[in-house]
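Under numbering that gives the first Met the number 0, residues 0 to 201 are what the sequence shown spells out, in order.
For reference, the structure discussed in these notes is given below.
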Amino acid sequence: MKTAEAFLSAIERRAKMFAPSARATFRANEQLCSWVLDPLARWADAAYGEKAFDDAALGYARYCLGVAQAQQIYERAGKYTPEAMPEIVSGVYEDEGYMVPYMWAAILIYAFWPSMIGHIVMFRDEFLRRLPPNATVLELASGHGVLSLLAAEERPDIRVTGLDISPPARPSNRRSATTCSNSIGRASRSGWRRTPGCGPCG
């Protein structure tokens, strides 16, 4: 069974310059990071196979470089200017070949960037574990739906619906949700549902 190590090993193979910091962050926060990455590794392997981990590593490298580019543009302009990054914006929202690795990367940063570790704590401990029984949750900009899948893994009693405007996100999040149904056997019992045309995560 795949675990977080599959992502770390892929980054060491395919995104070497980012591997030391990723592994250091993981080791310093192993319990939290494993909570995100262990189920993600199972779902990635089931939905996409071994190739998913190299794709995720390459997407992570591209994501990190894109953030560095965006930071340089911000520092020059003194404000956030997404129109100055047309390739990144159009790729994320229009190109499935760009979008899927980007979405993996957008999850990996929670486990590999020290500045994002607190977000895991907030999502799991301050949000999911404090929800009332049988709560209903709407995730906006759900991407491939991993946060909603993690919610279903942690809280099988809740109902989760995710929406995303990006066309490439729709087949990806449906694939993830189907894999979640098959692999942990709880998605349907968690109240996951599809909303045609809205790009739901479940």
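Just so it is clear, CB atoms sit at the ideal spot from N, CA and C, and this is done for glycine as well.
Counting along the chain, no beta strand (DSSP E) covers T2, and no H or E run does either.
Assignment of beta strand (DSSP E) within the segment 3 to 57, counting only whole runs of 3 or more residues, yields no such run. One Cα belongs to M121, the other to M115, and the distance between them is close to 10 Å. Between T24 and P113, the gap from beta carbon to beta carbon is short of 7 Å.
Distances from the alpha-carbon of A150 to those of A18, P38, F111 put P38 closest. Burial state of I164 is exposed, judged by a 10 Å Cβ sphere holding fewer than 16 other Cβ atoms. Taking the Cα of M102 as reference, the smallest distance to any Cα among A134, S141, P155 is reached at S141. DSSP places R158 within a strand segment (E or B) once states are collapsed to three. Of all C-beta pairs linking the segment 40 to 49 to the segment 128 to 140, fewer than three are shorter than 8 Å, placing the two stretches out of contact. Following the DSSP letters along the chain, one finds L130 in no alpha helix (DSSP H), marked with neither H nor E.
Within its own chain, no residue has a Cβ closer than 8 Å to the Cβ of K50 once the five positions on either side in sequence are excluded. Its chain contains V145 as the residues whose beta carbon lies nearer than 6 Å to that of I106, once the 5 sequence neighbours on both sides are disregarded; these appear in chain order.
Taking the Cα of T160 as reference, the smallest distance to any Cα among R154, H143, A56, E138 is reached at E138. Around the beta carbon of H118, a 10 Å sphere encloses fewer than 16 other beta carbons of the protein chains shown; the residue is thus reported as exposed. Here L127 is near R154, since their CB atoms are less than 7 Å apart. For a cut-off of 8 Å, the C-beta gap from Y62 to I10 is around 12 Å, too long to register as a contact. The criterion of a C-beta distance shorter than 7 Å is satisfied by L36 and A110. Comparing alpha carbon positions, the residue from M0, Y47, R123, G58 closest to K15 is G58. Non-local C-beta neighbours of R13 in its own chain, meaning closer than 6 Å and more than five positions away in sequence, comprise D53, A56, L57, ordered along the chain. Annotation: Y73 to L64 spans about 14 Å, alpha carbon to alpha carbon.
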